[in-house]
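Chains as they are written, first to last, in our numbering: chain A, 793 to 968; chain B, 793 to 968.
There are 2 protein chains.
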Amino acid sequence: MLKSTWKQFDEVELTHSSVHHLMAMHELLKQNGYVRGVDIAKYLKISRSSVSITIHKLIKKGYIKEDENKFYHFTDKGKALINDVLSKRRIITLFFEKVLNLSSEKAEAEACKIEHLLEEVTGQRLMSFLGFYLSNAEEAQQCRKAFQEFSYACGQVESCDVCELDCYFAGSQEKH
Amino acid sequence: MLKSTWKQFDEVELTHSSVHHLMAMHELLKQNGYVRGVDIAKYLKISRSSVSITIHKLIKKGYIKEDENKFYHFTDKGKALINDVLSKRRIITLFFEKVLNLSSEKAEAEACKIEHLLEEVTGQRLMSFLGFYLSNAEEAQQCRKAFQEFSYACGQVESCDVCELDCYFAGSQEKH
DNA sequence: TTCTGCTGTTAGGTTAACTTAACAAATGTT
DNA sequence: AACATTTGTTAAGTTAACCTAACAGCAGAA
Numbered sequence: 793m794l795k796s797t798w799k800q801f802d803e804v805e806l807t808h809s810s811v812h813h814l815m816a817m818h819e820l821l822k823q824n825g826y827v828r829g830v831d832i833a834k835y836l837k838i839s840r841s842s843v844s845i846t847i848h849k850l851i852k853k854g855y856i857k858e859d860e861n862k863f864y865h866f867t868d869k870g871k872a873l874i875n876d877v878l879s880k881r882r883i884i885t886l887f888f889e890k891v892l893n894l895s896s897e898k899a900e901a902e903a904c905k906i907e908h909l910l911e912e913v914t915g916q917r918l919m920s921f922l923g924f925y926l927s928n929a930e931e932a933q934q935c936r937k938a939f940q941e942f943s944y945a946c947g948q949v950e951s952c953d954v955c956e957l958d959c960y961f962a963g964s965q966e967k968h
Numbered sequence: 793m794l795k796s797t798w799k800q801f802d803e804v805e806l807t808h809s810s811v812h813h814l815m816a817m818h819e820l821l822k823q824n825g826y827v828r829g830v831d832i833a834k835y836l837k838i839s840r841s842s843v844s845i846t847i848h849k850l851i852k853k854g855y856i857k858e859d860e861n862k863f864y865h866f867t868d869k870g871k872a873l874i875n876d877v878l879s880k881r882r883i884i885t886l887f888f889e890k891v892l893n894l895s896s897e898k899a900e901a902e903a904c905k906i907e908h909l910l911e912e913v914t915g916q917r918l919m920s921f922l923g924f925y926l927s928n929a930e931e932a933q934q935c936r937k938a939f940q941e942f943s944y945a946c947g948q949v950e951s952c953d954v955c956e957l958d959c960y961f962a963g964s965q966e967k968h
C-alpha cells in the first residue's frame, strides 16, 4: 500500500465527532421539531460547552445556521451531508445485518464507527451489491440459502487462501 | 440506536495512529529484518520525535520491546494484535476488491481506514461470507455471474427499499 | 419583583497526536 | 583525532475534542 495511505484517516472533511453532532441534530429535529445546544449535549452525553464550540465550528463551515432564538437548522450543504451519511449508514447496517447476520444493535454500532470514513463510491457499490444479493433474483436466493447451510471449515487446516497468516477464523473459534 | 453508541469510536484499545505504528514496524521488519525509530518515521512520514513518543507508549502498553541497540521487537501481545489487524485488513480488502470491484489501491485504502475499528466478530463473519461467496460452490459462482450482469435500476424510481431518503445510488450517477 | 432554574458562552485544564528546534550520544569519514 | 552525520530524546507549540467551573441572560414561579 502507498506508505501515506494511512493518513487519509485524518483527512476526512468532517471528524467523527462533527458528523455525530449533525446526526444528533437530524435525529432531534425529527423527534422534536427543533434543536438547541442543550438537546445535542444530552443526546450525545457530552457537556454543553463542548457542543457550543463544535456547533460554532460547523456554522463557520456552513453546515448549520442559527436563528434568533438559538435554534439550529441545516443549510443545504448540511442536509446533503446528512443524507449521504444516513444512506451510507443504512446500507452498511443492512449489509452487516442481512448478509453477515450480526444483531441489529451490533450492525448499527459497527456501521456507526465507519460510515463517515468510507468514500461515496464504496457506499454506492455496496448498495448495488445489496440491491442484487437481497433481491428475489433466482441466483441471489439460492446463494443466500446455500450460504446459510455453509459453515466455513477452517478448523482442520493450518492456513487457507483467504488469510495468509494463522487462520483468523480458526483462532476465532477458540474465543467463541 | 443507543444514544451513546457513537462514543465507541474513542474506546478502541489502540488508536488508528498506534495501530499504524505497529503495522509499519511489521512491514519494516519483513523488509529489512530490523526496525528503528527513524525507519518508522520515514515510513509513516512523520517526525522522529512523534514516533519516539508513540513507541514508548506502546512499550508501556506491552506491545513492543526495545533491545540494547534501540531496535524494536514485538512482544507476543504485539504479534497477536498485528495478526488480527492484518487478517481483518486482508479480508476487508478482499471484499472491496473481489465483491464490490473497487480497484486494489482503493480497496486497500478503504480497508486501512476501518480495519482497526471493526470488532473481531465482524471480521470473522465477513471471512465466512467471503469463504463461501468466492468459492467454487455452484450457487456462489452463479450468483457472482448474475451480479456482474446486474445493474441496479435505481434511476427510474423516486425511492427504493434500501435507501429511505433520496436514492443514494441515483444521486451517485449524476456525480459519476 | 425577586428568586430560581435553564441555557449558552467563556476561561482554564487535559489528552492525543502531530510539529519544529535544540541537543546528546554514537557512528562514520577523512 | 577532528568533524560531520545519524539517531533518539526533550522542550515547547498547535489543533481537536473533551472536561469543570463560573457567569450572563432570560423566563417562569412565589
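Backbone N, C-alpha and C define an ideal beta-carbon position, used for all residues, glycine too.
Q: May I ask you to report which of helix, strand or coil DSSP gives Ala863/A?
A: Taking the first residue of the first sequence as 1, we reach residue 863/A at position 71. Per the sequence presented here, residue 863/A reads as Phe, with Ala not at that position. The answer is coil: DSSP assigns Phe863/A none of H, G, I, E or B.
(Q) So that I know if they touch, is there some Cβ in chain A lying closer than 9 Å to that of Gly923/B? (A) Reading the second sequence from its first residue, position 131 is the one you call residue 923/B. Judged by the 9 Å Cβ criterion, Gly923/B is in contact with chain A.
Q.
Within 9 Å of any Cβ in chain A, is that where the Cβ of Gln934/B sits?
A. Your numbering for residue 934/B matches position 142 in the second sequence. Closer than 9 Å: yes.
Q | CB contact flag (Leu886/A, Leu814/A, <9 Å) | A | Sequence index remark: in the first sequence, residue 886/A carries index 94 (1-based). Sequence index remark: in the first sequence, residue 814/A carries index 22 (1-based). No, the Cβ-Cβ distance between Leu886/A and Leu814/A is not below 9 Å.
Q. Is Ala903/A near the ligand GTP, with its Cβ less than 8 Å from a heavy atom?
A. Absence of the ligand GTP from the depicted structure is noted, as is the absence of any ligand whatsoever, leaving it without description.
Q: Would you verify that the beta carbon of Arg917/B is, or is not, closer than 9 Å to some beta carbon of chain A?
A: Taking the second sequence and counting its residues from 1, the one referred to as residue 917/B is at position 125. True, the Cβ-Cβ gap to chain A drops below 9 Å.
(Q) Just to confirm my understanding: we take Ala899/A, look at its own chain, exclude 5 residues before and 5 after, and list those with CB closer than 6 Å. What are they? (A) The residue given as residue 899/A occupies position 107 in the first sequence. Thr885, Phe888 and Glu889.
**Q.** 4-residue-minimum alpha helix (DSSP H) runs that sit fully inside the stretch 805-888 of chain A, ordered along the chain
**A.** 808-824, 829-836, 840-852 and 868-886
**Q.** Buried or exposed (CB count within 10 angstroms, at least 16 for buried), Glu902/A
**A.** As a position in the first sequence, residue 902/A is number 110, starting the count at 1. It is buried - the Cβ of Glu902/A has at least 16 other Cβ atoms within 10 Å.
(Q) Run through chain A and tell me which residues come within less than 8 Å of Glu911/B, C-beta to C-beta. (A) On the second sequence, position 119 is the one that residue 911/B refers to. Chain A residues near Glu911/B: Lys898 and Glu902.
Q) With C-beta atoms as the reference, is Phe942/A less than 9 Å away from Ala929/B? A) Position 150 of the first sequence holds residue 942/A. Position 137 of the second sequence holds residue 929/B. Yes, they are a contact pair.
Q: Inspect the CB distances between the stretch 855-864 of chain B and the stretch 821-839 of chain B and report whether three or more fall short of 8 Å.
A: Yes: the two stretches touch, three or more of their Cβ pairs being nearer than 8 Å.
(Q) Quick check on Ser895/A: does DSSP put it in helix, strand or coil? (A) Residue 895/A sits at position 103 when you count from the first residue of the first sequence. Coil at Ser895/A, not helix or strand.
Q. Rounded to a whole number of angstroms, what is the C-alpha to C-alpha distance between Val811/B and Ser920/B?
A. The residue you call residue 811/B lines up with position 19 of the second sequence. The residue you call residue 920/B lines up with position 128 of the second sequence. Using only the alpha carbons, I get a separation of about 24 Å.
Q | Chain-order list of residues whose beta-carbon lies under 7 Å from that of Leu910/B (same chain, five-residue window excluded) | A | One-based indexing of the second sequence puts residue 910/B at position 118. Taking Leu910/B as the centre and dropping the five residues before and after it, the same chain places the C-beta of Lys880 closer than 7 Å to its C-beta, in chain order.
(Q) Using the Cβ count rule (16 or more neighbours within 10 Å means buried), how would you classify Ile845/B? (A) Counting from one through the second sequence, the residue named residue 845/B turns up at place 53. When all chains shown are included, Ile845/B counts as exposed.
Q.
Contact defined as beta carbons within less than 8 Å: I believe Tyr855/B pairs with Lys869/B. What is the distance between those atoms, to the nearest angstrom?
A. Position 63 of the second sequence, counting from 1, holds the residue named residue 855/B. Position 77 of the second sequence, counting from 1, holds the residue named residue 869/B. About 6 Å separates the two Cβ atoms, so the contact holds.
Q: Report the neighbours of Asn893/B on chain A: residues whose CB is nearer than 8 Å to its CB, in chain order.
A: In the second sequence, the residue the question calls residue 893/B occupies position 101. Chain A residues near Asn893/B: Arg917.
Q | Exposure label - Glu931/B; buried when at least 16 CB within 10 Å | A | Taking the second sequence and counting its residues from 1, the one referred to as residue 931/B is at position 139. Taking all protein chains shown into account, Glu931/B has 16 or more neighbouring C-beta atoms within 10 Å of its C-beta and is therefore buried.
**Q.** Residues of its chain near Gln823/B, where Cβ-Cβ distance is below 6 Å and the 5 sequence neighbours each way are ignored
**A.** Here residue 823/B corresponds to residue number 31 of the second sequence, with the count starting at 1. Once the five neighbours on either side are set aside, Gln823/B has no close Cβ partner at all.
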